[in-house]
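These notes are about the structure you will find just below.
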Amino acid sequence: KAGVTQTPRYLIKTRGQQVTLSCSPISGHRSVSWYQQTPGQGLQFLFEYFSETQRNKGNFPGRFSGRQFSNSRSEMNVSTLELGDSALYLCASNTRGADTQYFGPGTRLTVL
Amino acid sequence: QKEVEQDPGPLSVPEGAIVSLNCTYSNSAFQYFMWYRQYSRKGPELLMYTYSSGNKEDGRFTAQVDKSSKYISLFIRDSQPSDSATYLCAMSASAGGTSYGKLTFGQGTILTVHP
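Chains as they are written, first to last, in our numbering: chain Y, 16 to 127; chain D, 1283 to 1397.
Right under this line is the structure:
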């Protein structure tokens, strides 16, 4: 079974721009969670989608948004990029939305 | 205070040593406990998953959970240079409300196993 895939793997943007990241979960997994990983804050939960509905959201500003499609693929969007948004963005999938999650390789975003 | 505390290390051990990694937590709602391994420039890889207090063994890895003390551990026996990575503990509460799809992670411990 193919693992979680994320595209693109690397992105460089400038402040004020917006960015869209994509995640394809493991086949059969309907829950997709997104995380931001930085050296200072570690892995922090952004939001979770299940069957095209956002069920949970972490403590991030409204500039961070996401959506999920009927095939369970998910996208996250960050608008008006700030330097502090530079991070590794990880998505993870599982069958139900709790406990074990399987991570993709991440998208490394650099904001200049 | 963070919900999950993990000593970031770094931890350096010789090949063949027994490695002990630990996390403490404050949220008594946590019921599921995981250990992930993350190599440089890769996503976290699930190593161990436990639900209840006690021990769980998988090859060279043993996960231990003590809910009464809010303390979890990962032991690596006969450590190898290929075990060099960052080890992350993660926890979640029962699914529902603000727990859906949310894992709370420790900061990660950087482990180096030298030949």
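Quick reminder that beta carbons are idealized off the backbone N, C-alpha and C, glycines included. Just so it is clear, the structure is predicted and the values come from calculations on it, not from any experiment.
Contact annotation: in the region 1329 to 1344 of chain D, residues whose CB is within less than 9 Å of a CB in chain Y are Tyr-1331, Tyr-1333. In the structure shown, Thr-29 (chain Y) adopts coil according to DSSP, grouped into three states.
At the C-beta level, Gly-121 (chain Y) and Tyr-104 (chain Y) come within 8 Å of one another. Distances from the alpha-carbon of Ser-1364 (chain D) to those of D:Glu-1285, D:Leu-1393, D:Tyr-1333 put D:Leu-1393 closest.
With 16 or more other Cβ atoms inside 10 Å of its own Cβ, Pro-1326 (chain D) counts as buried. Per the Cβ contact rule, the region 1369 to 1389 of chain D is in contact with the region 1311 to 1331 of chain D (3 or more Cβ pairs under 8 Å).
In the structure shown, Ser-1351 (chain D) falls within a coil segment according to DSSP collapsed to helix, strand and coil.
In this structure, Asn-86 (chain Y) keeps its C-beta atom at 8 Å or more from the C-beta atom of His-44 (chain Y). The C-alpha of Leu-1385 (chain D) lies about 7 Å from the C-alpha of Phe-60 (chain Y). D:Ser-1361 is the residue among D:Gln-1283, D:Tyr-1382, D:Ser-1361 whose C-alpha sits nearest the C-alpha of Ala-1299 (chain D). According to DSSP, residue pairing for Lys-1338 (chain D) in a beta bridge involves D:Ala-1345. Closest in alpha carbon position to Glu-97 (chain Y), among Y:Gln-21, Y:Phe-75, Y:Arg-88, Y:Gln-83, is Y:Phe-75.
Linking Thr-20 (chain Y) to Ile-41 (chain Y) through their CA atoms gives a straight-line distance of about 8 Å. Under the criterion of beta carbons closer than 8 Å, Thr-22 (chain Y) and Leu-1328 (chain D) do not qualify as touching, at roughly 22 Å. From the beta-carbon of Arg-70 (chain Y), the residues of chain D found nearer than 7 Å are Tyr-1382, Gly-1383. For Thr-1306 (chain D), the closest of D:Ala-1375, D:Tyr-1382, D:Lys-1349 by C-alpha to C-alpha distance is D:Lys-1349. Contact check for Tyr-25 (chain Y) against Arg-123 (chain Y) passes: the beta carbons are separated by less than 8 Å. Contact between Pro-1292 (chain D) and Gly-1390 (chain D) does not hold, since their C-beta atoms are separated by about 10 Å, which reaches or exceeds 8 Å. Interface with chain Y (8 Å Cβ-Cβ cutoff): Leu-1370 (chain D) is included.
DSSP places Phe-62 (chain Y) in the uninterrupted beta strand (DSSP E) bounded by 57 to 65. In this structure, DSSP gives Leu-1393 (chain D) an extended state, which the three-state scheme calls strand. By the criterion of a C-beta distance shorter than 8 Å, Ser-1381 (chain D) is surrounded in its chain by Ala-1311, Ser-1374, Ala-1375, once the five residues flanking it on both sides are discounted.
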